[in-house]
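Protein chains in written order, with numbering that gives the first Met the number 0: chain H, 0 to 266; chain A, 0 to 285.
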Amino acid sequence: MLRDITLGQYFPGRTIIHLLDPRTKLILTVLYIVVLFMADSITGYGLMLFVIACCIYISKISLKVILRGLKPLLVVIILTAILNLFYTPGREIVRIWILKITVEGVRQALFMVLRIVMLIAGTFMLTYTTAPIALTDGMESLMNPLKKIKVPVHELSMMMSIALRFIPTLIEETDKIMSAQKARGADFDSGNLVEKAKAMLPLLVPLFISAFRRADELAVAMECRCYHGGEGRTRMKQLRMQQRDYIALMFGAGLLLIMIGIRMLHI
Amino acid sequence: MDPIIQTENLTHIYSQGTPFESTAIKEVNFSAYPGEFIGIIGHTGSGKSTFIQHLNGLLKPSSGKVLFNGRDIWENKETTRQVRFKVGVVFQYPEYQLFEETIYKDIAFGPKNMKLSESEIDERVREAVDFVEVPQAWLEKSPFDLSGGQKRRVAIAGVIAMRPEVLILDEPTAGLDPRGRDSIIGNIKNYQKATNSAVLLVTHSMEEIARSVNRLVVFNHGTIAMSGTPSEVFSNVDELEQIGLSVPEVTKVMMRLKELGMDIDSSVYTIQQAKRALIDYVAGRR
């Protein structure tokens, strides 16, 4: 049952979006979010909707997958819609007891929902099309300037890569320990909350012990291969910006300019 | 005599209905009788692990049945739970499942889940440590202070303490030194003799299996490829090698000697038998 959890949620592919440098994608995602928050008119939202639709189309990731990702946030989205619908002052259209719906409220609710949905869809584009390891590499490379002010950039990204690497291993381990304890009659499913929490003990203790053991083994293995931090370390897979990355970044810059234009002209 | 545990057309398909669907075992018919010591061999991915997890109801069959004492173990929830206590499974590297503060408490985990009385639990814990040759004086020690081999004994005792009528062990000797291996197999044999239970031993070591079991079951591609006494199974050298398994080293030596023209009995699989066969041969020549 634990195997059904998809973590990292990367969908391998060979589309142009998949092939872009992770740094390009990170920059574009940040840019996309900034532009999205600048939009304040129908034209603006329409433009963003068009952009994200194009991205989804090009990446060949099915709309179903993206919508499934939105599911956990459904409550937040609905709550936002309701709050905006009833609490925006302006021209009244309907009144139910003390609650009133205004024209501005409808507009605001629609825009907020669109904004949240597009925000999530945009960040999903990043995680769906970029392998987790490529993502941490990209982050490390982008944060490189921070090394000047003594931020341990390499160590942070190494920690992230290791954490990502061990998620599947730990899930497998959990499965195994669960089977072993179930074979001795452990019951993880029934009982009240306190009983359930207590029942987790036979699972958590061995899991923690094995996580520490693995960490210890990994540290020794890394030391045996002369790992001593990021200093002077080269990479096997160098990140290189290609023509397509520059074109994509230009598209991003163009989008920003258009949005500024839309705002200035109030259309 | 009726089989204690039995499978009928047991099939298991992982991730059924998704693109990742794969058939782990198909149409397996198997039965074990009380007092039997059965060896299960097969290369990695042949379905042995999936198979044993069905016997105590950890996995639900996609189709087919698992019967314990003639009753379907999936009849209702309570039956499935009871079968977990009657069919004890010791997984690979069982020492990683230890979690309690003391050895006593850890071994008592199974019996406690069976809702036995304190005195009954106490009796079973002491009996179990005797079977695996862990000194009673250690019972109040922390299991994490023990060596790897000792931890494994404690973990096996944790299953034995439930007094299962079928004891299944998945590579109980992996990673142990030869003496540790022999002694654990010896402990398991003692348990089997004392309780007349059925024991299923999954292993990769042909030598180990040849010395201890009275029936061998060979898994290949999710089905039972061969079944019979060790000498029956080991006589099909070619077939075994095709599956990716082999026969005990000593059997290979004897077969080669026969090929070289010595008129000896090559259907041996332990050093003792080989010794006798060679003595007979030498005596016969004189």
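Even glycine gets a Cβ: it sits at the ideal position worked out from N, Cα and C.
Between phenylalanine 218 of chain A and glycine 46 of chain A, which are expected to be in contact by the criterion C-beta below 8 Å, what is the C-beta distance as a whole number of angstroms? Walking along the second sequence from the start, residue 218 of chain A turns up at place 219. Walking along the second sequence from the start, residue 46 of chain A turns up at place 47. Indeed they touch by this definition, with Cβ atoms about 5 Å apart.
Counting along the chain, where does the alpha helix (DSSP H) carrying glutamine 81 of chain A start and finish? On the second sequence, position 82 is the one that residue 81 of chain A refers to. Glutamine 81 of chain A -> alpha helix (DSSP H) spans 76-85.
C-alpha gap between glycine 190 of chain H and phenylalanine 123 of chain H, whole angstroms: One-based indexing of the first sequence puts residue 190 of chain H at position 191. One-based indexing of the first sequence puts residue 123 of chain H at position 124. In a straight line, the C-alpha of glycine 190 of chain H is about 37 Å away from that of phenylalanine 123 of chain H.
Paired residues, beta bridge with alanine 57 of chain H - DSSP: In the first sequence, the residue the question calls residue 57 of chain H occupies position 58. Reading off the sequence shown, one finds isoleucine at residue 57 of chain H, where the question assumed alanine. BP columns for isoleucine 57 of chain H are empty, so no partner.
Using a beta-carbon distance cut-off of less than 9 Å, what residues from the segment 67-90 of chain A approach chain B? Protein chains in the displayed structure are H and A, and chain B is not among them.
Between the segment 122-140 of chain H and the segment 53-65 of chain H, are three or more C-beta pairs nearer than 8 Å? yes
Taking the C-alpha atoms as reference points, what is the distance between histidine 11 of chain A and lysine 25 of chain A? One-based indexing of the second sequence puts residue 11 of chain A at position 12. One-based indexing of the second sequence puts residue 25 of chain A at position 26. Roughly 6 Å between the two C-alpha positions.
Contact set between glutamine 241 of chain A and chain H, taken where Cβ atoms lie within less than 7 Å: The count along the second sequence starts at 1 and reaches residue 241 of chain A at position 242. Per Cβ cutoff of 7 Å: no residues; glutamine 241 of chain A is ~31 Å from chain H at best.
Please go through the same chain and pick out, in chain order, the residues whose beta-carbon is closer than 7 Å to the beta-carbon of leucine 134 of chain H, but skip the five residues on each side of it. Stepping through the first sequence from its first residue, residue 134 of chain H is reached at position 135. Excluding sequence neighbours, leucine 134 of chain H sits near Pro21.
Does the beta carbon of isoleucine 4 of chain H sit closer than 8 Å to a beta carbon anywhere in chain A? If you number the first sequence from 1, residue 4 of chain H lands on position 5. Any reading at isoleucine 4 of chain H needs caution, since the residue's pLDDT is 45, under 50, leaving its predicted position unreliable; the model's value is listed next. Cβ-Cβ to chain A under 8 Å: no for isoleucine 4 of chain H.
Within 10 angstroms of the Cβ of threonine 5 of chain H, are there 16 or more other Cβ atoms? Answer buried if so, exposed if not. Taking the first sequence and counting its residues from 1, the one referred to as residue 5 of chain H is at position 6. Confidence at threonine 5 of chain H is low in this model, with a pLDDT of 47, below 50, so the placement of that residue is unreliable and no value is reported for it.
Just to make sure I have the definition right: I need the residues of chain A whose C-beta is within less than 8 Å of the C-beta of isoleucine 176 of chain H. Which are they? Counted from its first residue, the first sequence places residue 176 of chain H at position 177. The answer, in chain order, is Tyr95, Gln96.
Am I right that methionine 172 of chain A and arginine 180 of chain A are in contact with their C-beta atoms under 8 Å? What's the rounded C-beta distance? Along the second sequence, one-based indexing puts residue 172 of chain A at 173. Along the second sequence, one-based indexing puts residue 180 of chain A at 181. At residue 172 of chain A the sequence reads threonine, which differs from the methionine that was named. Confirmed, about 4 Å.
Where leucine 18 of chain H and lysine 24 of chain H are concerned, what is the direct C-alpha to C-alpha distance, given to the nearest angstrom? On the first sequence, position 19 is the one that residue 18 of chain H refers to. On the first sequence, position 25 is the one that residue 24 of chain H refers to. In a straight line, the C-alpha of leucine 18 of chain H is about 10 Å away from that of lysine 24 of chain H.
Inter-stretch contact at 8 Å, needing at least 3 Cβ pairs: the segment 126-134 of chain A / the segment 55-74 of chain A: no
If we call anything under 8 Å between Cβ atoms a contact, is threonine 6 of chain A one with asparagine 28 of chain A? Along the second sequence, read from residue 1 onward, the residue named residue 6 of chain A stands at position 7. Along the second sequence, read from residue 1 onward, the residue named residue 28 of chain A stands at position 29. Contact flag set, yes.
Serine 116 of chain A versus isoleucine 102 of chain A: straight-line alpha-carbon distance, rounded: As a working mapping, residue 116 of chain A is identified with position 117 in the second sequence. As a working mapping, residue 102 of chain A is identified with position 103 in the second sequence. If I take the Cα positions, the gap works out to 19 Å.
Euclidean distance between Cα positions of leucine 239 of chain A and serine 226 of chain A: As a position in the second sequence, residue 239 of chain A is number 240, starting the count at 1. As a position in the second sequence, residue 226 of chain A is number 227, starting the count at 1. Serine 226 of chain A has its alpha-carbon roughly 12 Å from the corresponding atom of leucine 239 of chain A.
Who are the neighbours of lysine 236 of chain H on chain A, taking C-beta pairs under 7 Å? The residue given as residue 236 of chain H occupies position 237 in the first sequence. For lysine 236 of chain H, no chain A residue has a Cβ inside 7 Å of its Cβ, as the nearest lies near 28 Å away.
Minimum Cβ-Cβ distance from glycine 148 of chain A to chain H less than 8 Å: The residue you call residue 148 of chain A lines up with position 149 of the second sequence. No, no contact with chain H.
Out of H:Arg13, H:Val29, H:Ile132, H:Val112, state which residue places its alpha-carbon closest to the alpha-carbon of glycine 251 of chain H. One-based indexing of the first sequence puts residue 251 of chain H at position 252. Taking only the C-alpha atoms, the option nearest glycine 251 of chain H is H:Val29.
Apart from the five residues just before and just after threonine 269 of chain A, which ones in its own chain have a Cβ nearer than 6 Å to its Cβ? Your numbering for residue 269 of chain A matches position 270 in the second sequence. Counting only Cβ-Cβ distances below 6 Å, and skipping sequence neighbours, we find Ala209, Arg210.
How about the segment 216-234 of chain H and the segment 151-158 of chain H: do they share at least three Cβ pairs that are nearer than 8 Å? Yes, the segment 216-234 of chain H is in contact with the segment 151-158 of chain H.
If you compare alpha carbons, which of H:Lys195, H:Ile208, H:Ala185 is closest to phenylalanine 143 of chain A? Counting from 1 along the second sequence, the entry for residue 143 of chain A is found at position 144. Measuring from the Cα of phenylalanine 143 of chain A, the nearest candidate turns out to be H:Ile208.
Helix, strand or coil for histidine 17 of chain H per DSSP? For the purposes of this step, residue 17 of chain H is taken as the residue at position 18 of the first sequence. Reduced to three states, the DSSP call for histidine 17 of chain H is helix.
Closest Cβ-Cβ distance between proline 205 of chain H and chain A: below 8 Å? What you label residue 205 of chain H is simply residue 206 of the first sequence in a count that begins at 1. For proline 205 of chain H, the answer is yes, since a Cβ of chain A falls inside 8 Å of its Cβ.
Leucine 46 of chain H: contacting residues in chain A (beta-carbon distance under 9 Å): Taking the first sequence and counting its residues from 1, the one referred to as residue 46 of chain H is at position 47. Going along chain A, no residue has its Cβ under 9 Å from leucine 46 of chain H, so there is no contact; the nearest lies around 36 Å.
Assigned exposure category for arginine 83 of chain A - 16 Cβ within 10 Å defines buried: As a position in the second sequence, residue 83 of chain A is number 84, starting the count at 1. Classification of arginine 83 of chain A: buried, given that the 10 Å Cβ count is 16 or more.
What are the residues of the segment 196-222 of chain H that lie near chain A, defined by any Cβ-Cβ distance shorter than 7 Å? Leu200, Pro201, Val204, Pro205, Ser209
Continuous alpha helix (DSSP H) stretch holding threonine 194 of chain A: start and end: Here residue 194 of chain A is taken as the residue at index 195 of the second sequence, counted from 1. 177-194 is the extent of the alpha helix (DSSP H) around threonine 194 of chain A.
Measure from the C-beta of glycine 184 of chain H to each C-beta in chain A and report whether the shortest distance is under 8 Å. In the first sequence, residue 184 of chain H corresponds to position 185, counting from 1. Interface residue, yes.
Throw me the rounded Cβ distance for the alanine 276 of chain A and methionine 253 of chain A pair, which I believe falls under 8 Å. Taking the second sequence and counting its residues from 1, the one referred to as residue 276 of chain A is at position 277. Taking the second sequence and counting its residues from 1, the one referred to as residue 253 of chain A is at position 254. Right, the Cβ-Cβ distance comes to about 7 Å (below 8 Å), so this counts as a contact.
The segment 145-157 of chain A / the segment 182-194 of chain A touching (three or more Cβ pairs under 8 Å): At 8 Å Cβ cutoff, the stretches touch.
To be precise: take each residue of the segment 28-61 of chain A, compare its Cβ to all Cβ atoms of chain H, and keep it if any distance is under 8 Å. Which residues remain? Gln52, Asn55, Leu57
Cutoff 8 Å: glycine 174 of chain A Cβ touching any chain H Cβ: Counting from 1 along the second sequence, the entry for residue 174 of chain A is found at position 175. Closer than 8 Å: no.
Helix, strand or coil for asparagine 143 of chain H? Go by DSSP, reduced to three states. Counting from 1 along the first sequence, the entry for residue 143 of chain H is found at position 144. Looking at asparagine 143 of chain H - three-state DSSP - the assignment turns out to be helix.
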